[in-house]
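J.: Numbering (the working numbering), first residue to last: 4 to 184.
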Amino acid sequence: MAWMWMVPAAGAVLLWAVSLGRILSSPAPYCLPPSPRFMPPLRGDTRSRNVLLVLAHPDDESMFFTPTILFLKSKGHNIHILCMSLGNADGLGNIRKEELYKACATLKIPAEQVEVLDHQKLQDGFQEKWDHGLLAELTMEQIQLWDIDTIVTFDSCGVSDHPNHRDVHHGIRSVSLLNTL
Numbered sequence: 004m005a006w007m008w009m010v011p012a013a014g015a016v017l018l019w020a021v022s023l024g025r026i027l028s029s030p031a032p033y034c035l036p037p038s039p040r041f042m043p044p045l046r047g048d049t050r051s052r053n054v055l056l057v058l059a060h061p062d063d064e065s066m067f068f069t070p071t072i073l074f075l076k077s078k079g080h081n082i083h084i085l086c087m088s089l090g091n092a093d094g095l096g097n098i099r100k101e102e103l104y105k106a107c108a109t110l111k112i113p114a115e116q117v118e119v120l121d122h123q124k125l126q127d128g129f130q131e132k133w134d135h136g137l138l139a140e141l142t143m144e145q146i147q148l149w150d151i152d153t154i155v156t157f158d159s160c161g162v163s164d165h166p167n168h169r170d171v172h173h174g175i176r177s178v179s180l181l182n183t184l
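1) Quick check on residue 107: does DSSP put it in helix, strand or coil?
2) Starting from residue 118, trace the beta strand (DSSP E) both ways and give me its first and last residue.
3) Roughly how many whole angstroms lie between the Cα atoms of residue 142 and residue 60?
4) Please identify the residue among 151, 75, 106 and 170 whose C-alpha is closest to the C-alpha of residue 160.
5) Looking at residue 73 and residue 64, is the spacing between their C-beta atoms short of 8 Å?
6) Would you kindly work out how many angstroms separate the C-alpha atoms of residue 151 and residue 136, rounded to a whole number?
7) By alpha-carbon positions, which one of 162, 148, 153 and 139 ends up nearest to residue 175?
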């Protein structure tokens, strides 16, 4: 019976690998109109990409995205992280922010490629509703600042069904409305 835990774990790894493969082999993200500059073609393209990982809270990079980060880094892509909040629901926001920077250092992501926001309208909490348009605007600022051509974030269920994670997903989908690339 000890092997029973391995079946769901293997399924989760397989699902992650298939999902990442679909993302990276897609000519354009599902939520964005095709634009050669925004997401250049992959086939035969050996250029490294500027990838923006959009998180809701510090620790999301470790809990949900470390395999993706390691894979993208192994392929030579340049990772940038935009964290939409300090994750201050329990009053530990500054500690969590420092933990994010330490995790990024471990993952070989330079501190200057990490932005943690503390916006009044984007506070951590299960009861907090985040404005999708505001998330899109803040994301577009980073896309332009860092010359981003690929975005990775949560799925529509927010991976763990956290409402802030789901809002980030919908905010990134709203980027397509602002996309002038």
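Built from N, CA and C at the ideal position, the CB exists for glycine as well.
Here the structure is a predicted model, which means the values were calculated and not measured.
T.: So, from the data block:
1) For the purposes of this step, residue 107 is taken as the residue at position 104 of the sequence shown. Residue 107 falls in the helix class under three-state DSSP.
2) Locating residue 118 in the sequence shown gives position 115, counting from the first residue. In the DSSP assignment, residue 118 falls within the unbroken beta strand (DSSP E) covering 117 to 119.
3) To locate residue 142, count along the sequence shown from 1; it is residue 139. To locate residue 60, count along the sequence shown from 1; it is residue 57. Going by the C-alpha atoms only, they are around 15 Å apart.
4) Within the sequence shown, residue 160 is the residue found at index 157, counting from 1. Measuring from the Cα of residue 160, the nearest candidate turns out to be 170.
5) Against the sequence shown, residue 64 aligns to sequence position 61. Against the sequence shown, residue 73 aligns to sequence position 70. No, Cβ-Cβ distance for residue 64 and residue 73 is not below 8 Å.
6) For the purposes of this step, residue 151 is taken as residue 148 along the sequence shown, with counting starting at 1. For the purposes of this step, residue 136 is taken as residue 133 along the sequence shown, with counting starting at 1. One alpha carbon belongs to residue 151, the other to residue 136, and they sit about 19 Å apart.
7) To locate residue 175, count along the sequence shown from 1; it is residue 172. Here the closest residue by C-alpha is 139.
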